[in-house]
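Chain order of the listed sequences is A and B.
Heads up: the first sequence begins at 1 in my numbering, then just goes up one per residue.
Heads up: the second sequence begins at 1 in my numbering, then just goes up one per residue.
The structure appears below as structure tokens.
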Amino acid sequence: MLKKLRIIKKQLKKLLKIFYEQHFERIIEINEKYASPRIATVPIVKFALNALKIYLVFIMGLLIYKFITLIY
Amino acid sequence: MKIFSKLYYEYRRIWKIIVLYLIISGPGIVVMVADNDAAGITTYAATGAKFGYNLIWFLLFLVPIAYFVQEMTVRLGVITKRGHAESVFDAFGSFWGWFSLTNLMVVNWLTLITEFVGMTAALNLFGVPPYITVTGVCILMGIMVLNGRYWTWEKIALTFCALNLIYIPCAFIVNPPISAIVHEGFIPNFPGGFNNTIFFFLMANIGTTIAPWMLYFQQSAVVDKGMKEKDIPWAKFDTMVGAILTIAVAIFIVIVAGTVLRGVEFESAAQAAQKLMGMNKYVGSFLAVGLFNAGLLGAICISLASSWAFGEIFGWAHSLNNKIKEAPWFYANYFITLISAGLIVLIPKAPLVLITLLVQVVSAMLLPATLVFLLLLLNDKKTMGEYKNNLFQNIIGISIVTLIIVLSTLYAISVIFPNLFN
Numbered sequence: 001m002l003k004k005l006r007i008i009k010k011q012l013k014k015l016l017k018i019f020y021e022q023h024f025e026r027i028i029e030i031n032e033k034y035a036s037p038r039i040a041t042v043p044i045v046k047f048a049l050n051a052l053k054i055y056l057v058f059i060m061g062l063l064i065y066k067f068i069t070l071i072y
Numbered sequence: 001m002k003i004f005s006k007l008y009y010e011y012r013r014i015w016k017i018i019v020l021y022l023i024i025s026g027p028g029i030v031v032m033v034a035d036n037d038a039a040g041i042t043t044y045a046a047t048g049a050k051f052g053y054n055l056i057w058f059l060l061f062l063v064p065i066a067y068f069v070q071e072m073t074v075r076l077g078v079i080t081k082r083g084h085a086e087s088v089f090d091a092f093g094s095f096w097g098w099f100s101l102t103n104l105m106v107v108n109w110l111t112l113i114t115e116f117v118g119m120t121a122a123l124n125l126f127g128v129p130p131y132i133t134v135t136g137v138c139i140l141m142g143i144m145v146l147n148g149r150y151w152t153w154e155k156i157a158l159t160f161c162a163l164n165l166i167y168i169p170c171a172f173i174v175n176p177p178i179s180a181i182v183h184e185g186f187i188p189n190f191p192g193g194f195n196n197t198i199f200f201f202l203m204a205n206i207g208t209t210i211a212p213w214m215l216y217f218q219q220s221a222v223v224d225k226g227m228k229e230k231d232i233p234w235a236k237f238d239t240m241v242g243a244i245l246t247i248a249v250a251i252f253i254v255i256v257a258g259t260v261l262r263g264v265e266f267e268s269a270a271q272a273a274q275k276l277m278g279m280n281k282y283v284g285s286f287l288a289v290g291l292f293n294a295g296l297l298g299a300i301c302i303s304l305a306s307s308w309a310f311g312e313i314f315g316w317a318h319s320l321n322n323k324i325k326e327a328p329w330f331y332a333n334y335f336i337t338l339i340s341a342g343l344i345v346l347i348p349k350a351p352l353v354l355i356t357l358l359v360q361v362v363s364a365m366l367l368p369a370t371l372v373f374l375l376l377l378l379n380d381k382k383t384m385g386e387y388k389n390n391l392f393q394n395i396i397g398i399s400i401v402t403l404i405i406v407l408s409t410l411y412a413i414s415v416i417f418p419n420l421f422n
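This is the structure in structure tokens:
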């Protein structure tokens, strides 16, 4: 039983190592592949993306505020 | 004789149309009916219990809203042959890509937990312990995806969609007053005036109609099914049928709750079913079965939406037509998401209320981004060609997207600060 568990543990470790090696490199590849946006950055696209950034900062700000007020 | 041959010709023609529709149908109906998930059932039941039939007219407005948003994902998927995650990475770069993907992963996982909460609570009413429900659901969902064919998976999912119609006989059993439904439900009105409580319920109903996973799911499903440009009109029709079905089910839930549970307060659909069981055994049991089915359908679609998105970005084989050996990471992602969400529900005193609230907040972060990306992509002439949004579609699309963003944001704020709108 213990021997079987050890084999499973060893195989899991091997699998995780392969996953880490494959996917860490893959993330770098993905970042390189999609480094620049393909869509034409016309004014409306720029405006929409900037508005989205402001919106996300606003929501994050609310969450942080709530978190701080909850603690104190 | 001529009449008979004409009738036979018409019969053959209509039968051919039905067969063609049955082949093409699927993603639209599945995604829309799955939208009536455990949280959705609770929202509709609570709406009926609080306001009776008075907000049925508002639910009717949600048919075009759901249709127009989902229809855009159909065109995008068919033309680009890419899922939504890949489309965002490709068009807007890695920053917005990772933002969408990580958010989707978090919100889907949290939503999956709420589906398990609904399913375990529903079967608990019949004396089934939660661990058996979780194990059974994981096994069932495993069997569904491991048969190695998208077509088989879709038809099983459609069977569960049909079970979602259980609320329709429920409404007939409780024998609601038809004249009251027509007078109160189909004439726009706000019972007691437009106050904060009504506003909260309107926001909640809109919030349950469009969720980020729906956009990712339908686009990926359209791609996995291999739909072509000539299939677009049928796929749109499929989406329309789904939108009508989902709102029809919602209306029947409101009618059941408005007839039997008016003025009764409850925190979940399972509690509502339990209270109903005391009044009418069959209706209560139907509601519980429907709740379990709703949670199951939601879980089926949500876990797949995440796996498809990851598969697209990491370049894994990511089709239900692949065997487990051909797409190990795709299925690993599917099962890890599913089993981990199920295990959370089994943890004693797990913060399930907090998780439910978090779903709303994280959704409010992802939904505006997803909808804005969708509109921008549908206006990209280079990608969409003749299937680009026209002026009418843009006016409708921008109005709907603005409405959803404003209301879902206000809903999220009301969740973070519960006393703000009181």
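Glycine is no exception: its CB is placed at the ideal position from the N, C-alpha and C atoms.
Small disclaimer: the values here were computed from a predicted structure and weren't measured.
Candidates the options, of which the one nearest residue i by Cα
| i | options | result |
| --- | --- | --- |
| Y167(B) | I143(B), A288(B), P177(B) | A288(B) |
| S414(B) | F201(B), K388(B), K275(B) | F201(B) |
| N195(B) | I396(B), Y11(B), A38(B), F51(B) | F51(B) |
| N394(B) | S408(B), L376(B), L410(B) | L376(B) |
| R38(A) | V345(B), L215(B), S94(B) | S94(B) |
| V222(B) | M384(B), V31(B), V74(B) | V74(B) |
| T208(B) | R82(B), A412(B), A317(B), T120(B) | A412(B) |
| K388(B) | L110(B), E71(B), I65(B), I300(B) | E71(B) |
| F68(B) | E267(B), D238(B), F310(B) | D238(B) |
| V33(B) | L215(B), G242(B), F199(B) | G242(B) |
| L76(B) | L391(B), F373(B), L410(B) | F373(B) |
| S25(B) | D37(B), W153(B), A270(B) | W153(B) |
| P328(B) | L146(B), V31(B), W213(B), M279(B) | L146(B) |
| Y53(B) | P129(B), A305(B), A171(B), E86(B) | A171(B) |
| G97(B) | V353(B), A309(B), Q360(B) | A309(B) |
| C161(B) | I396(B), I56(B), A272(B), V31(B) | V31(B) |
| N205(B) | I56(B), G28(B), D380(B) | I56(B) |
| I255(B) | C301(B), A66(B), A49(B), G40(B) | A49(B) |
| A248(B) | L60(B), I23(B), R12(B), G40(B) | L60(B) |
| A46(B) | S399(B), I253(B), I355(B) | I253(B) |
Local Cβ density within 10 Å of residue i, reported as buried at 16 or more and exposed below that
| i | result |
| --- | --- |
| F286(B) | buried |
| V245(B) | Sequence check: residue 245(B) is Leu here, not Val. With 16 or more other Cβ atoms within 10 Å, it is buried. |
| Y72(A) | exposed |
| G263(B) | exposed |
| T259(B) | buried |
| G385(B) | exposed |
| P368(B) | buried |
| G192(B) | exposed |
| A431(B) | Past the edges of chain B, shown from 1 to 422, lies residue 431(B), and the structure says nothing about it. |
| W151(B) | exposed |
| T41(A) | exposed |
| N103(B) | buried |
| I28(A) | exposed |
| V406(B) | exposed |
| V117(B) | buried |
| W15(B) | exposed |
| H183(B) | exposed |
| F67(A) | exposed |
| E25(A) | exposed |
| E21(A) | exposed |
| N108(B) | buried |
First through last residue of the alpha helix (DSSP H) which encompasses residue i
| i | result |
| --- | --- |
| K299(B) | Residue identity check: residue 299(B) is Ala in the sequence provided, not Lys. Here the alpha helix (DSSP H) through A299(B) covers 281 to 314. |
| A49(B) | 38 to 51 |
| K155(B) | 150 to 163 |
| G136(B) | 130 to 146 |
| M384(B) | 381 to 384 |
| R75(B) | 56 to 80 |
| D35(B) | Per DSSP, D35(B) belongs to no alpha helix (DSSP H) and is neither H nor E. |
| N205(B) | 196 to 209 |
| F417(B) | Here F417(B) belongs to no alpha helix (DSSP H), and DSSP marks it neither H nor E. |
| P169(B) | 167 to 173 |
| V45(A) | 43 to 71 |
Check: residue i C-beta below 7 angstroms from any heavy atom of the ligand FMN
| i | result |
| --- | --- |
| L391(B) | In the structure shown, the ligand FMN is absent, as is every other ligand, since no ligand is present at all. |
inquiry  = Report the start-end ranges of each alpha helix (DSSP H) in the region 216 to 276 of chain B that is 4 residues or longer and not cut off at the edges.
reply    = 232 to 260
ask   = Which parts of the region 327 to 412 of chain B are runs of the alpha helix (DSSP H), unbroken and 4 residues or longer, counting only runs that do not cross its ends?
value = 328 to 346, 352 to 378, 381 to 384
Ranges of the alpha helix (DSSP H) found wholly within the region 90 to 134 of chain B, counting only runs of at least 4 = none
query = Which residues, taken in chain order from the region 88 to 122 of chain B, show a beta carbon closer than 7 angstroms to some beta carbon of chain C?
reply = Annotation note: the requested chain C is absent from the structure, which comprises protein chains A and B.
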